[in-house]
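1 is the number of the first residue of the sequence shown in UniProt numbering; add one for each residue after it.
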Amino acid sequence: AFEKKQKAEDQVEDESEQSYDEDDSMSGSEDDQDFDPNEEIMIDFEARNILESDQESIKILLQQKLAAFQQIDLNELAKVISQQENLGNVINQAEDDGSDKQDGDEVEPNDTIFGVISMVDLNFCQTKNFSTELIKFLKSHTNQENVSKLDSYLPKCSYIVNERFLNIPPGISVPMFESLLDDVQKLGEDSANKKSEYWMFLSRVFTEEVNKAKHSSKLNAPETQ
């Protein structure tokens, strides 16, 4: 009698495990069907003033263009940007108005930033290491006949910092620039950035890749008698 009971209990356990495995498998397949890698997620962004606490996030954004040039002290540049009051802004995810938070509840700020815009007067920061190395970088990528022109522009030039993550729509730059222009207009007359006559931008340049293998085969082709 005991043996029959034990067999019956074992059968119930086996059926229970099989049922659980089937349910788990069905749940997994439903999750796979719900996942769409091409799905677009709508996110609302908002701009706010730059804070000193944004320094590390700004440094990460600067690395997108300048990381390859290790001589430029991006930490120092990010610090200068984050310490300039009322000049430029950062974009982050807008707070959800439909949240369940009650009045009086503390709301933690969203520290993740997706873009930054500001400006740095190179002459005013000429004693900074990043400014010295940035100017060296510019001259090394300038045609020799234009170096003298560059030297005449730099004392009256501000570097426009305009960075955002690559998947952020470019259209968001328009209100960011409008806000920066408004900030510049509000600067005091003695401000170095207000006095600058030239604005400098750094941007990516895409070039067509040359098929080296094709050219190599032509150069090394045997001569015909």
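Heads up, the beta-carbon is just placed ideally off N, CA and C, and yes, glycines get one too. Only a predicted model underlies this, so the values are computations on that prediction, with no experimental measurement involved.
By DSSP, does residue i sit in helix, in strand, or in coil?
i, result
"residue 106", "Its pLDDT being 47, under 50, residue 106 is placed unreliably in this model, and the value from its coordinates should be taken loosely. It is coil, neither helix nor strand."
"residue 101", "Low per-residue confidence applies at residue 101: pLDDT is 48, beneath 50, and the placement is therefore not dependable, though the value from the model is reported in the following sentence. The answer is coil: DSSP assigns residue 101 none of H, G, I, E or B."
"residue 70", "coil"
"residue 146", "helix"
"residue 50", "coil"
"residue 76", "helix"
"residue 171", "helix"
"residue 86", "coil"
"residue 64", "helix"
"residue 178", "helix"
"residue 45", "strand"
"residue 93", "strand"
"residue 129", "helix"
"residue 166", "coil"
For residue i, which residues in the same chain have their Cβ closer than 6 Å to its Cβ, ignoring the five residues on either side in sequence?
i, result
"residue 165", "114"
"residue 73", "129 and 130"
"residue 69", "137"
"residue 124", "192"
"residue 71", "133"
"residue 57", "113"
Name the DSSP bridge partner or partners of residue i?
i, result
"residue 204", "Per DSSP, none; premise fails for residue 204."
"residue 157", "198"
"residue 118", "161"
"residue 113", "92"
When burial is assigned at 16 or more other CB atoms within 10 Å of the CB, is residue i buried or exposed?
i, result
"residue 149", "exposed"
"residue 181", "exposed"
"residue 198", "exposed"
"residue 188", "exposed"
"residue 219", "Bear in mind that a pLDDT of 44 at residue 219, under 50, signals an unreliable position, so the number given afterwards is only what the model happens to contain. By the 10 Å Cβ count, residue 219 comes out exposed."
"residue 158", "buried"
"residue 88", "buried"
"residue 111", "exposed"
"residue 90", "buried"
Measure the beta-carbon distance from residue i to residue j and round it to whole angstroms, keeping in mind my assumption that it falls under 8 Å.
i, j, result
"residue 80", "residue 119", "Wrong, their Cβ atoms sit about 11 Å apart, outside the cutoff."
"residue 86", "residue 195", "So it is not a contact: roughly 17 Å between Cβ atoms."
"residue 177", "residue 117", "7 Å"
"residue 64", "residue 163", "6 Å"
"residue 170", "residue 47", "In fact, because the Cβ distance is near 15 Å, the residues do not count as touching under 8 Å."
Which residues in the same chain have their Cβ closer than 7 Å to the Cβ of residue i, if we skip the five residues on either side of it in sequence?
i, result
"residue 59", "74, 75 and 78"
"residue 54", "82, 90 and 113"
Just to check, is the beta-carbon of residue i closer than 6 Å to a non-hydrogen atom of the ligand SAH?
i, result
"residue 125", "No copy of the ligand SAH appears in this structure; indeed no ligand is present at all."
Taking only beta-carbon atoms, is residue i less than 7 Å away from chain C?
i, result
"residue 172", "This model lacks chain C altogether; it includes just one protein chain."
Residues in the same chain with beta-carbon distance under 8 Å from residue i, minus the five sequence neighbours each way, listed in chain order, please.
i, result
"residue 147", "139"
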